[in-house]
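Everything on this sheet refers to the single structure shown next.
Residue numbers (the numbering used here), protein chains in the order written: chain S, 1 to 336; chain Y, 337 to 699.
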């Protein structure tokens, strides 16, 4: 393999992405240890904690069932802050547009962004706008960055999973990725699958009422539930065992994945969170999720079983045992 | 009946596991069953089937992944085509990362070649219709399940009068190689888990010669966990009774005579030819080539191109893996120099590859 080429897989969120980050990007720019690689960075200043994150959105198509590139960009960055347990404070918006892009479409995207930010109670305070010649970007790319503050001292971090902890997912798995695939490929699926893009900061506020029982929060975006849990298993140096029978799916998503040979555990989600919590608080947290509109289909899907190696396993629906691994290359490009 | 859930019923699978254990308790000799279908390879790993079977009962994988059994020369030919001006390569997804002698389609795309992933060969025909100034070459790799669809796409292109649609074919048929493996003294196969959807086309009858001449039990088995466990039980019963017959476990889809219509379409466009199988070599009559009547659609004949000299990768044991003689964990490159992100051989990167399955599900 030609090592000089940047491949699509390097942007997929899976193994190749991690290799690029670990081998080139992180050493060049800073030196964040693996235990420090979370959805947002924690910055200490003058004795105060801040969360800071950035994300770029290149999703294709830019309008899809359940949303568009704009509200995706707002919700995604709000979620990265919320996954640290931070209260999102404000956002920036960077727009890079192709010459010839539709002003009407831009207006529609901006309106969605405003609506999403207002719904989440977060202000957009600064931004930047660039236009490049036709053909140099694909219609529009958006970058959003966000700052969050902390109303508590809880340490919610990918390295905090402990043996005995329970793994909870806030709802059905794989909706966003399949909605994008169907829209992009023009798959006439009659499924009605929509992206689940949503801001999770309200749901997280509810969960934080259980305090220190919450060890890890992360939203399973690119690379899916499998990649996210594998990252956490490695960071925390634990083994996580999932129960396939407990994984919640919309029937249509399961069906599309079966037909196309996709593993739904590798499909992106944009409005769901994984919570790894102390066992004794699991049922209470599940109840809090069920009482919130974004957590109605939440389920306990697994347990942290052992302290070793950074592995994820799955007990299959028929009682067999198999390994769950990170997405290797690119399953579906430009998913977010 | 909900075919997905009923055939994934945990109680039924547990019951079958118990029956298989009971059946085989008395027997000290191991039993080895080979599957020859990439979808079986994946399903067995995906459901953790091996963890449900007694240790003396071994399931091994044969040359059931059509991408894996295609030697590097084919990939090199596809790469040479993608570098021609005005060519669009249309391919199923898992060909993208397969390593050829020096590069892969994925790398060529990163270098600017027009290579598109399609889900059906008819998508490639549509591409040709949409881009009359380009030559669209569909990479036709598969067994008897995909060949009729590819034959159909050539007929569709002919019907539309398209002059810019081509197929670069590497189609293969499965029963003859099964006989080669059955006769291999090193392998000692006690039974074949016969492919499901290939059999829907060719019929269970296609395996009769294996049972009668080579005395190997054959059970045509579906892909769901209940199917696989039941197929294994049926094979075990035959072995213990000293029988060798062809049985159909996958009766809801497979008939003795198969799908006559599909085979007619196949015969209109394809004829048997010799084929080169990675690890096994040339097996006479085990491939399918495009008939002279449709030569205009055969990329190998219609599009002259210079192909680099083919090299197989040193240390790559795909050939032995595909014969079931070596398991992935025994390959010194497995998981170290050969990974899904940086594969040395096709077995690690194809969606139906034995090493890909072991890497993804088996550790």
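Cβ coordinates follow ideal geometry from the N, Cα and C atoms, glycine included.
- Taking 9 Å as the cut-off, the Cβ atoms of residue 242 of chain S and residue 137 of chain S do not count as close.
- Residues of the stretch 377–408 of chain Y with a C-beta less than 8 Å from any C-beta of chain S: 381, 382, 383, 384, 385, 386, 387 and 388, listed in chain order.
- Going by C-alpha positions, residue 391 of chain Y is about 45 Å away from residue 212 of chain S.
- When DSSP states are grouped into helix, strand and coil, residue 528 of chain Y belongs to the strand group.
- Residue 122 of chain S sits in coil when the DSSP states are folded into three classes, being neither helix nor strand.
- Taking residue 670 of chain Y as the centre and dropping the five residues before and after it, the same chain places the C-beta of 664 and 691 closer than 7 Å to its C-beta, in chain order.
- For residue 87 of chain S, the pairing in a beta bridge is given by DSSP as S:149.
- Annotation for residue 545 of chain Y: the continuous alpha helix (DSSP H) segment containing it runs 544–549.
- Residue pairing of residue 397 of chain Y in beta bridges, as defined by DSSP: Y:371.
- Considering only Y:370, Y:447, Y:401 and Y:376, the residue with the shortest C-alpha distance to residue 614 of chain Y is Y:401.
- Looking at the backbone, the Cα of residue 108 of chain S and that of residue 411 of chain Y are separated by about 45 Å.
- Under DSSP, the beta-bridge partners assigned to residue 611 of chain Y are Y:619.
- Listed along the chain, the chain S residues whose CB falls inside 7 Å of the CB of residue 697 of chain Y are 322 and 323.
- Taking a beta-carbon distance threshold of 9 Å, residue 241 of chain S does not count as an interface residue toward chain Y.
- Within the model, the alpha-carbon separation for residue 141 of chain S versus residue 134 of chain S is close to 13 Å.
- For a Cβ distance threshold of 8 Å, residue set 677 of chain Y lies close to residue 19 of chain S, ordered along the chain.
- Here DSSP, grouped into helix, strand and coil, assigns residue 633 of chain Y to helix.
- DSSP places residue 314 of chain S inside the beta strand (DSSP E), whose first and last residues are 311–315.
- Between the alpha carbons of residue 680 of chain Y and residue 429 of chain Y lies a gap of roughly 18 Å.
- For residue 444 of chain Y, the closest of Y:586, Y:423, Y:516 and Y:456 by C-alpha to C-alpha distance is Y:423.
- Neighbourhood of residue 452 of chain Y in chain S, by CB distance below 8 Å: empty, with the nearest CB roughly 11 Å away.
- Between the stretch 306–326 of chain S and the stretch 519–534 of chain Y, the count of Cβ pairs shorter than 8 Å is below three; the stretches do not touch.
- Burial is judged here by how many other beta carbons sit within 10 angstroms of a residue's own beta carbon; residue 382 of chain Y has at least 16 and is buried.
- Residue 517 of chain Y sits away from residue 689 of chain Y, with the two beta carbons spaced by 9 Å or more.
- Neighbourhood of residue 247 of chain S in chain Y, by CB distance below 8 Å: empty, with the nearest CB roughly 13 Å away.
- The CB of residue 531 of chain Y never comes closer than 9 Å to any CB in chain S; the least such distance is about 16 Å.
- Nearest C-alpha to residue 277 of chain S among S:240, S:147 and S:91: S:240.
- Within chain S, the C-beta atoms nearer than 8 Å to that of residue 346 of chain Y come from 245, 317, 318 and 319, in chain order.
- The C-alpha of residue 498 of chain Y lies about 17 Å from the C-alpha of residue 637 of chain Y.
- Every unbroken stretch of the beta strand (DSSP E) spanning 3 or more residues and falling wholly within the stretch 238–322 of chain S is given here in chain order: 239–243, 274–277, 299–306 and 311–315.
- Residue Y:432 holds the alpha-carbon nearest to the alpha-carbon of residue 7 of chain S among Y:426, Y:375 and Y:432.
- Counting along the chain, residue 77 of chain S sits inside the alpha helix (DSSP H) bounded by residues 69–82.
- In the three-state reduction of the DSSP assignment, residue 218 of chain S falls in the strand class.
- Beyond the five residues adjoining it in sequence on each side, residue 129 of chain S comes within less than 7 Å, by CB distance, of 95 in the same chain, given in chain order.
- Around the CB of residue 468 of chain Y, fewer than 16 other CB atoms lie within 10 Å, so the residue is classed as exposed.
- Cβ contact annotation for residue 204 of chain S (same chain, cutoff 6 Å, sequence separation greater than five): 82, in chain order.
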